Amino acid sequence: MFTGIVRERGRVVSLGGGEDGLHIEIEAPETAARTGIGDSVDVDGCCLTATAVQNGRFSVTAVPESLARTTLGGLSEGDEVNLEPSLRAGDPLGGHYVQGHVDGVGRIAALEPDGESRSVWVEAGPELLRYCVEKGSITVDGVSLTISALRDDAFATALVPHTLEVTTLGALKPGDGVNLEVDVLAKYVERLVQRAP
């Protein structure tokens, strides 16, 4: 599991396709140092398995299902990605419970300065917005954020200066796609209510 607290921005150094999906090599010394082959790493919100680790780099493969549900298929060499290694016993539990199972792709609708912070409106489909509530949590490209406002076709969230500095969200512009994971607790509650006698 993850918490949505990005530990490092990595750089995509190579991409390669195969029958099993997209092979991605990422330069990220801190993440590589605490990652072994077979470990899970959250890459822009998507839980992927490390297949190789060496010289400050690690490799992962995004399978066709992941490519269909995320923005990973649009990566280019040189792009930066948000990274979070899986939690270990004793790690701080900031953010919220994140699985790294992307529910869908949202689109940046608007960016508005708010002092040193930035307010962002993200368009999403009704199948995702049904799980969103004001002051609730949502994961955007692997970053745990708090929903500040809702409308029928979008939600708003605030990006504080620290988030703008240490994650890739500071480079977002209108029209960009972002990986979204809604709070899994909301989905569990819905399922329980649906199955209640």
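Residue numbers (this note's numbering): -19 to 177.
For glycine and all other residues, C-beta sits at the position ideal for the given N, C-alpha and C.
As the structure is a computational prediction, the values presented were derived from the model and not from experiment.
In the displayed model, Q174 falls within a helix according to three-state DSSP.
The DSSP-derived three-state label of T50 is coil. Taking 3 residues as the minimum length, the beta strand (DSSP E) runs contained wholly in the region -19 to 33 are -12 to -2, 1 to 7, 20 to 23, in order along the chain. Secondary structure note for T126: its beta strand (DSSP E) is the uninterrupted segment 123 to 131. The C-beta distance from V(-7) to E7 rounds to 5 Å, short enough to fall under 8 Å. Across the structure, G84 and L160 are spaced so that their CA atoms are roughly 6 Å apart.
With contacts defined by Cβ atoms closer than 8 Å, D19 and G122 do not form a contacting pair. With a beta-carbon spacing of about 7 Å, D163 and H76 fall inside the 8 Å limit used to define contacts. With contacts defined as CB atoms closer than 8 Å, T50 and C26 qualify as a contacting pair. Going by DSSP, T119 is part of the beta strand (DSSP E) stretching over 117 to 120. Under DSSP, D94 takes part in a beta bridge, and its partners are S97.
Our two residues, V100 and L139, have alpha carbons roughly 7 Å apart in a direct line. A straight line joining the alpha-carbon of A30 with that of R171 spans about 32 Å. Taking a C-beta distance under 8 Å as the contact criterion, A176 and Y111 do not qualify as a contact pair.
Scanning its chain for C-beta atoms nearer than 7 Å, with the 5 sequence neighbours on each side dropped, one finds around I(-15) the residues E64, G74, G75, S124, in chain order. For T143, the enclosing alpha helix (DSSP H) stretches over residues 141 to 146. N35 sits exposed, since fewer than 16 C-beta atoms from the chains shown fall within 10 Å of its C-beta. Closest in alpha carbon position to R(-13), among D0, E(-1), R14, is R14. Counting along the chain, E64 sits inside the beta strand (DSSP E) bounded by residues 60 to 65.
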